[in-house]
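Input: a single structure, listed below in structure tokens.
Number of protein chains: 2
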Amino acid sequence: MPDRHPTGPDPAALLDPAPLLDPAPLLDPATWSCPVPLREGAVVVMGHGAGGALSAELIDDVVVPALAPDPGAVLRSLGDAAVVDVGGATVAISTDSFVVRPLAFPGGSIGDLAVNGTVNDLAMAGAQPLYLTCALILEEGTGLDVVERVLADLGAAARRAGVSVVTGDTKVVESGHGDGIYVNTTGVGLVAPGVRIGPQQTRPDDVVIVSGPIGDHGVAVLSVRDGLLFDTQVRSDTAALHGLVAAMLATGAEIHTLRDPTRGGLAATLNEIARSSDVGIEIDEPAVPVRPAVANACAMLGLDPWSVANEGRLVAFVPAAAAEDVLDAMRAHPLGAGAVAVGRCLDRHRGTVVARTALGTTRIVDLPQGEQLPRIC
Amino acid sequence: MPDRHPTGPDPAALLDPAPLLDPAPLLDPATWSCPVPLREGAVVVMGHGAGGALSAELIDDVVVPALAPDPGAVLRSLGDAAVVDVGGATVAISTDSFVVRPLAFPGGSIGDLAVNGTVNDLAMAGAQPLYLTCALILEEGTGLDVVERVLADLGAAARRAGVSVVTGDTKVVESGHGDGIYVNTTGVGLVAPGVRIGPQQTRPDDVVIVSGPIGDHGVAVLSVRDGLLFDTQVRSDTAALHGLVAAMLATGAEIHTLRDPTRGGLAATLNEIARSSDVGIEIDEPAVPVRPAVANACAMLGLDPWSVANEGRLVAFVPAAAAEDVLDAMRAHPLGAGAVAVGRCLDRHRGTVVARTALGTTRIVDLPQGEQLPRIC
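Residue numbers (this note's numbering), protein chains in the order written: chain A, 997 to 1373; chain B, 997 to 1373.
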């Protein structure tokens, strides 16, 4: 095999167990576990983790083909909660690793995110969250008091959400191979009979609702990030949304699709749904709630608030006839007080999201490439 | 609060969101996400992740109190598979993060471990593994071909084990904050009615069985670790053991306790069971199978093979009357061909493991501190 990497051994060869039995020059694992310079797109870049087009590419081109060679119903759910049968029960399962930097920010910490993020993924499938697992990757030298504080936040968030952390794992990596604490949580929840929520349920004419102002989480985290520090009163919106979803379901309305617009923000979420539901989406741009402080911070940083992560907001697609009932129920819940209808689905320009501006013109809302906000959750 | 860390800001203060709103000197998250020198045991050290006494201390003193302030049945299971009720089904849940270094080694890779390790945790609870989640933390700059190869191994191992990877997550961290790829898998399995396996079932007089030679995995990984390279024909024993467990259960014997001796090896596993089951354990030292190549490598490295990790072996505690049947069933299975009875439980020296040596003397088998083999899985 020709060496495709003139500056070092071929990583593929190094991964092959056969050459590893040969103690000769290939036996230098450091050459492929160490960072290497970007080279013709053949390496992982930060944008692969940011929830935009690059993330989607990585999942579609690399992850799914390897893990799911014969795509079926279950496999489509990669990246969201999977809904599966377990001994006759309809169960939602979701996993998320949290690598947010810094570990604490106005309004929350990685401990809160690790609970709320996974609980929300279950809630977006209409599931009642029941159990969480918690796996830590600790960096050698991290203060045990930091670990304690993160776990205290995590435990408190779990109790607030009414979920039990039932099992866990702890690994330690050397200084320089981690960043304090990385947390993975995986959640298991129960989907009630008759509840069917998912992008395949979206219909043209569905009304698009957002549960409150967008962009708070991303701006709160960036405001305390090294190299970016700025003064803001914006706090992360991190919250567990299953109570809000239960209130929405209690109206009896047929909720078609729910999604929490985390990495990649509202823009990524709308694009994903437009594509997976095969509908066009038109958003009334002035109707989308953005706090002035968030808008100002985004203007300062050159960010689009529609692409900034949220951790306690949801986007709902509901039949037009039920929209008012659902909005009323949401506004009666503390986490949906700012709910508004922001647009609707169309059977035109399927797969594409457009925004109607205050001037009455329309613009295409692109799937963000995703590199603008690394490690936001 | 006095500054307990004269060389830098108090990490606890930095984790508090309130001071983070103050842009003054506390606003340097790098000071607590960066490694700091060891200081009076108040920081994470590599041994906290190695499955020995330090790991147990971290879990008992830090993790469990934060996540489970009112210890109950479920909470005791932290670190193993939890067995819970989900909509009337008895479900086992287990999570594990994999940070093995290097990513590939004779006999397997992090992709194999990530499947087999979690499948085995479910199998040790007597569960039929059904579903896995897969969450990746990728280091910026890692070759996409390395990612592809790891995922190919992971997918192949899942297919061999008959489990579906149903959902996933991908995060990316900057160069110098990861090590190529870290993988978390969480597994969900179904426990058949009537199956009750766990340390609380262990009884004095139970026979202790190991399924084959121990220490292969740890030696295989160390043989290709940078700084340690040595020539060996030992290959990792990584394998999914639920088929072997099913064969054992099919004998109709009452299997009391099962455990896969991973981090911390046989010594840690026996100690954990002696403590949690409140029995004494006596092992016939010459009966414990260790390959000569493993024994030689351990002698060279100053390691005790009983403390070296395994990834495809199990330890079973079964009633004496059923031991022969169980051994026969194990030996008829490819993954249990080397099964042997190595000792028994006693109602003396409860909580303590002793080994009877070839000379007829006894020695106490200590819980390893755990620092000898970092990042072995």
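For glycine and all other residues, C-beta sits at the position ideal for the given N, C-alpha and C.
Note that this is a predicted model, so its numbers are computed, not measured.
V1338 of chain B has its alpha-carbon roughly 43 Å from the corresponding atom of A1154 of chain A. For the region 1238-1305 of chain A, the continuous beta strand (DSSP E) assignments of 3+ residues that do not extend past its boundaries occur at 1253-1255 and 1276-1280, in sequence order. Your pair V1082 of chain B and A1052 of chain A does not check out as a contact, with CB atoms roughly 31 Å apart and the cut at 8 Å. Across the structure, A1291 of chain B and V1215 of chain B are spaced so that their CA atoms are roughly 9 Å apart. V1179 of chain B and T1228 of chain B have their C-alpha atoms roughly 27 Å apart.
Contact check for V1217 of chain B and R1255 of chain B: beta-carbon distance about 20 Å, past the 8 Å limit, so the pair fails to qualify.
Spatial neighbours of G1047 of chain B in its own chain (CB-CB distance under 6 Å, excluding positions within 5 residues in sequence) are listed in chain order as R1259, G1260, A1264 and G1366. For L1297 of chain B, the CB contacts under 8 Å within the same chain, skipping 5 residues up- and downstream, are L1218 and L1224 in chain order.
Within chain B, the residues placing a beta-carbon under 7 Å from that of E1136 of chain A are P1031, V1040, V1041 and M1042, ordered along the chain. Here the region 1161-1180 of chain B does not lie against the region 1242-1255 of chain B, with fewer than 3 beta-carbon pairs under 8 Å apart.
D1362 of chain A and D1274 of chain A have their C-alpha atoms spaced approximately 16 Å apart. Contact check for A1077 of chain B and D1117 of chain B: beta-carbon distance about 5 Å, within the 8 Å limit, so the pair qualifies.
The beta carbon of G1308 of chain B sits closer than 6 Å to those of D1233, T1234 and A1235, all from its chain and outside the five residues before and after it, given in chain order. Note that the C-beta distance between H1044 of chain A and T1166 of chain B is below 8 Å.
If you ignore the 5 residues before and after A1110 of chain A, its C-beta comes within less than 6 Å of the C-beta of F1094, L1150, V1179 and T1181, all in its own chain and listed in chain order.
In this structure, the CA atom of R1340 of chain B is about 51 Å from the CA atom of L1237 of chain A. When the five nearest sequence neighbours on each side are left out, the beta carbons in the same chain lying within less than 7 Å of the beta carbon of A1119 of chain A are those of P1125, L1237, H1238 and V1241, in order along the chain. DSSP, reduced to helix, strand and coil, places P1098 of chain B outside both helices and strands of the structure shown, so it counts as coil. When A:I1205, A:P1370, A:G1104 and A:L1369 are compared, the shortest CA-CA separation from V1230 of chain A is found for A:G1104.
Residue burial is scored here from C-beta neighbours: D1324 of chain B has fewer than 16 other C-beta atoms within 10 angstroms and is therefore classed as exposed. Counting C-beta pairs closer than 8 Å gives three or more between the region 1194-1213 of chain B and the region 1325-1335 of chain B, which meets the contact rule. For P1061 of chain A, the enclosing alpha helix (DSSP H) begins and ends at V1060 to L1063. Annotated as distal: T1253 of chain B and G1183 of chain B, with beta-carbon spacing of 8 Å or more. When the beta-carbon positions are compared, L1140 of chain B and V1058 of chain A come within less than 8 Å of each other. For P1257 of chain A, the closest alpha carbon among the candidates A:F1101, A:V1142 and A:G1211 is that of A:G1211. Within the model, the alpha-carbon separation for V1080 of chain A versus A1131 of chain B is close to 18 Å. Taking 8 Å as the cut-off, the Cβ atoms of V1203 of chain B and V1314 of chain B count as close.
Here the alpha carbons of C1373 of chain A and M1244 of chain A stand approximately 26 Å from one another.
Shown here, S1207 of chain B sits in coil according to DSSP, grouped into three states, outside any helix or strand.
With respect to L1355 of chain A, V1304 of chain A sits apart: the two C-beta atoms are not nearer than 8 Å.
DSSP links F1313 of chain A through a beta bridge to A:V1204 and A:T1253. DSSP, read as helix, strand or coil, puts S1171 of chain B in coil.
The beta-carbon of H1213 of chain A is placed no less than 8 Å from the nearest beta-carbon of chain B. A distance below 6 Å between beta-carbons, with the five flanking residues on each side excluded, links N1267 of chain A to the following residues of its chain, in chain order: V1349 and L1363. Look at V1059 of chain B: its C-beta is under 8 Å from a C-beta on chain A. Per DSSP, the continuous beta strand (DSSP E) segment holding G1183 of chain A begins and ends at I1177 to V1187.
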